[in-house]
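Asks:
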Amino acid sequence: MGGNLTVAACIPGSLQNIDVKGKIVLCKPGGPGFFGFGDFKGRGVKDAGGVGMIVTNYEQSGNMTYPTPHVLPTTTVSYAADLLRSINVEGKVVLCDFSGDD
Numbered sequence: 194m195g196g197n198l199t200v201a202a203c204i205p206g207s208l209q210n211i212d213v214k215g216k217i218v219l220c221k222p223g224g225p226g227f228f229g230f231g232d233f234k235g236r237g238v239k240d241a242g243g244v245g246m247i248v249t250n251y252e253q254s255g256n257m258t259y260p261t262p263h264v265l266p267t268t269t270v271s272y273a274a275d276l277l278r279s280i281n282v283e284g285k286v287v288l289c290d291f292s293g294d295d
């Protein structure tokens, strides 16, 4: 996703040229879908074929996460969890499995 905030924030239409079909997508904070509009980011992921989201929050939020409605399976991870750093560790494998009704 590089440095493109529109793509990193999972704004609808921004993921069309990225292979997210069948994948869980990491979405950074920002854009109109952060506070109270989680379904906005979710529509961006779902429209591109993604099956789930991991949403990070802002550094200023520390350990806090915010409950928001979503259109697909989603978890919110606090900035303090340092997820972005751990994703960039070479050789590290991450497996997520969501189940439930559509």
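Counted the way this note's numbering counts, the sequence shown spans residues 194 to 295.
Here a beta-carbon is modelled for each residue, glycine too, at the ideal position from N, C-alpha and C.
1. Hey, is the segment 242 to 252 in contact with the segment 211 to 219, meaning 3+ C-beta pairs nearer than 8 Å?
2. With 8 Å as the threshold, decide whether the Cβ of Ala273 is near any Cβ in chain C.
3. DSSP on Val218, reduced to helix/strand/coil?
4. Fully enclosed by the segment 238 to 281, which beta strand (DSSP E) runs are 3 residues long or longer?
5. Rounded to whole angstroms, what's the CA-CA distance from Ile211 to Pro222? Just pull it up for me.
6. Thinking C-alpha only, which one of Pro205, Val270, Ala201, Gly235 is nearest Glu252?
Replies: Inspection of the coordinates gives the following:
1. Yes: the two stretches touch, three or more of their Cβ pairs being nearer than 8 Å.
2. The question asks about chain C, but that chain is absent: this structure has only one protein chain.
3. Three-state result, Val218: strand.
4. Every beta strand (DSSP E) stretch that sits fully inside the segment 238 to 281 and reaches 3 residues is listed by chain position as 245 to 249, 267 to 270.
5. Looking at the two C-alpha atoms, the distance is approximately 19 Å.
6. Out of Pro205, Val270, Ala201, Gly235, Val270 has the C-alpha closest to the C-alpha of Glu252.
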